[in-house]
Ligand code: SF4
Ligand code: SF4
């Protein structure tokens, strides 16, 4: 028998158990890793909206099937955008690489990958800018932080541009106000010039263009779902709510993300909308849903400004067709950013609409003077302020609630108090997460800007860690079991994030809780919430 | 003094070395942040790793306390399972404790053979090998969880509704005869 010699402890101690890791990122091409990237756009989805260079492609393949003149296309596109967007030009020039933004991105914080530092994410693009468009860069090359655009660089761009949720947290800390999200937005536009979108973005955009919403739901199915909610609500409350669809002459057009109508737990929020609108009918609310403007979200915004504009156009078009006075938006994040920051210049002026005035309280929403579109949460906060809703917050006593500020509504639009005001009025147990994780400083869900696919789950989980970590803290400290938000992507993405990091915490829209608390005249005694979970103190009755 | 005595005497410096070794598995340009930022909400990775490694060290010496070790390993590996590590890279930090302890003994001028702690050390290192296996199981469970989430996310969100709104018609579950 062969003699086996066991190594002496001294020898085993010399074995290096730490396999080598990536070193020297500057000259290391990006390794496109499964779990981090989203699948490439399918040709049919690009063809449907006339985007260039549709093809079957796999980001992990060596060959990305680029057109021969791809470099010129990018360089021309780059130049065109430098001319058109002064902010972009400025952001290319003024960064002093102070690093204040470096550790503020949830993707960097969660991954430790230096290329996810906002300053570096931007530098990936800026380096090419310097080489092509600045004297110093042309002359001095790498010494001036400049480099050639190569296929490897393009792939690196792509990999990291689709690892940014355009959340703008970094911009909050930049002394110059450089908004890396805007750089990402333009960078993604450039990748789209070569047909390099992701399918998770291109699919919904194409569906939205044709059918009116991301999921490609046709009008009859949309109506079926609303009818289904009406039955559900009747079963729970004894009240048969009334709603209207595509009704001409209504005063208000209601537009919400299709996720609210078709995906849990957003559906409970949609039931909340229906109940609130029905409740207000007798007080003079005259509102209609639409199967044409059946999508509040805008995945075009994650593609290019032009695509965002095309998809956004249906809101005003439908408002005009129906002859409403103004538009109200459901609980959504990026929809809110698009309509506040862009809609006016995209598709305005909406001179056929009126400045929104609450038909119940008479409050003028001067903030929406120009766009003529308000967010449901400000409308509801105003109702509560004027005592127009009879609420029984104890019906949410089985919930211990915390609030996640969506990047778009909080950092984007300063929507900080309204949702909190509503929540405090409809439930008794509300606990804030730590101050450096909420309001303007909120941490992204990690799945925004079209990254909420399945194949990039590792990316989503690491990017969502800072958010989940703060939820975990209030979960352990106060027993928080419900994470409220006013964004449809949050409602789609956060449940998964919670299952991974903080099991035991569910996710809700604010209007689901409003509807739980809303006291209707003549309703049957409620024993459960909208989800069919027993109310506090009603557990017994449920069992019977 | 036996090995256990030495380890508890050297506890804080050993833990510190171990924490550093783990943080050194991250890219050089990120280490500074992971090590220096003390706010646990601004730097969850650094803070989770530091705290859990400390608890893991204590649980390992206390018995070892298997239940506690599992909790610590879960918290560490849930993280590393979604970061840029291969499976071996993700769990290799456990092995590092061997060399850290040996280096420390050496630095203290303790000759392993002459001080009669060789046997203690052999058991200690055997336990570390077992800890590695435990870590590997837990790492796999985390990866499994990710695949589950991937598969079930869309199903969970849409499936129930389609069914309840009668938009799909599946073979019903057979009911037992009454
Ligand atoms: S916008 Fe958000 S995701 Fe993008 S780099 Fe800045 S912090 Fe990171
Ligand atoms: S904080 Fe602003 S100036 Fe400083 S590195 Fe970041 S982007 Fe550049």
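Residue numbers (the numbering used here), protein chains in the order written: chain F, 9 to 552; chain V, 16 to 193. All C-beta atoms, glycine included, are put in the ideal place defined by N, C-alpha and C. The structure displayed is predicted, hence computed values, not measured ones.
### Query
Beta-carbon of residue 168 of chain F versus every beta-carbon of chain V: anything under 9 Å?
no
### Message
Is residue 192 of chain F near ligand 2 - that is, is its Cβ less than 8 Å away from at least one heavy atom of it?
### Response
no
### Message
Rounded to whole angstroms, what is the Cα-Cα separation between residue 462 of chain F and residue 211 of chain F?
### Response
14 Å
### Message
Any heavy atom of ligand 2 inside 8 Å of the beta-carbon of residue 183 of chain F?
### Response
yes
### Query
If the cut is a Cβ gap below 7 Å, which residues of chain V does residue 410 of chain F touch?
Per Cβ cutoff of 7 Å: no residues; residue 410 of chain F is ~13 Å from chain V at best.
### Message
Taking CB distances under 9 Å as the criterion, tell me whether residue 159 of chain V reaches chain F.
### Response
no
### Query
Under the three-state reduction of DSSP, which class applies to residue 208 of chain F: helix, strand or coil?
helix
### Query
DSSP state of residue 104 of chain F, grouped into three classes?
coil
#### Entry: Min CB distance residue 164 of chain V to chain F below 9 Å
yes
### Query
Near residue 331 of chain F, which residues of its chain fall below 7 Å by C-beta distance, leaving aside the five closest residues on each side in sequence?
256, 257
### Query
Shorter than 9 Å from the beta carbon of residue 207 of chain F to some beta carbon of chain V?
no
### Task
Can you grab the Cα-Cα spacing for the pair residue 131 of chain F / residue 198 of chain F, in whole Å?
16 Å
### Query
Can you tell which of F:373, F:328, F:304 has the C-alpha that lies nearest to the C-alpha of residue 356 of chain F?
F:328
### Query
With 16 other CB atoms within 10 Å as the buried threshold, where does residue 435 of chain F fall?
buried
### Query
With DSSP run on the structure shown, which of helix, strand or coil describes residue 165 of chain F?
helix
### Query
Nearest-angstrom Cα distance between residue 67 of chain V and residue 86 of chain V?
9 Å
### Query
Which residues does DSSP pair with residue 365 of chain F in a beta bridge?
F:372
### Burial state of residue 300 of chain F (16 or more Cβ within 10 Å)
buried
### Task
Return yes when at least one heavy atom of ligand 1 lies under 8 Å from the C-beta of residue 345 of chain F, else no.
no
### Task
Have a look at F:152, F:343, F:464, F:119 and flag the residue whose alpha-carbon is nearest the alpha-carbon of residue 43 of chain F.
F:464
### Query
Skipping 5 residues on each side, what residues in its chain have a beta carbon closer than 8 Å to that of residue 289 of chain F?
250
### Query
For residue 126 of chain F, is the beta carbon positioned less than 8 Å from some heavy atom of ligand 1?
yes
### Query
Would the beta-carbon of residue 130 of chain F be found less than 8 Å away from any heavy atom of ligand 2?
yes
### Task
Measure the CB-CB distance between residue 297 of chain F and residue 202 of chain F and report whether it falls below 9 Å.
no
### Message
For ligand 1, is there any heavy atom lying closer than 8 Å to the beta carbon of residue 189 of chain F?
### Response
yes
### Message
Measuring only from the beta carbon, is residue 568 of chain F closer than 8 Å to any heavy atom that is part of ligand 2?
### Response
Lying before the first or after the last residue shown, residue 568 of chain F is absent from chain F, which here runs from 9 to 552.
### Message
Below 8 Å, is the gap between the Cβ of residue 179 of chain F and the nearest heavy atom of ligand 1?
### Response
yes
### Message
Looking at chain F, is there any beta carbon in it that lies within less than 9 Å of the beta carbon of residue 154 of chain V?
### Response
no
### Task
Tell me whether the beta-carbon of residue 104 of chain V lies closer than 9 Å to the beta-carbon of residue 111 of chain V.
no
### Task
Quick one: which residues of the stretch 466–480 of chain F get their C-beta closer than 7 Å to a C-beta of chain V? List them in chain order.
466, 469, 470, 473, 474, 477, 478
### Query
How about residue 67 of chain V: is its C-beta nearer than 9 Å to some C-beta of chain F?
no
### Task
Flag residue 102 of chain F as yes when its Cβ comes closer than 8 Å to any non-hydrogen atom of ligand 2, and as no otherwise.
yes
### Query
Alpha carbon to alpha carbon, what distance is there between residue 505 of chain F and residue 241 of chain F?
29 Å
### Task
Tell me the start and end of each unbroken beta strand (DSSP E) in the stretch 248–277 of chain F that is at least 3 residues and wholly inside, in chain order.
260–263
### Task
Show which residues of chain V have a CB atom less than 9 Å away from the CB atom of residue 500 of chain F.
168, 172
### Task
Spatial neighbours of residue 544 of chain F within its chain, please: CB distance less than 6 Å, with the 5 preceding and 5 following residues excluded, ordered by chain position.
405, 406
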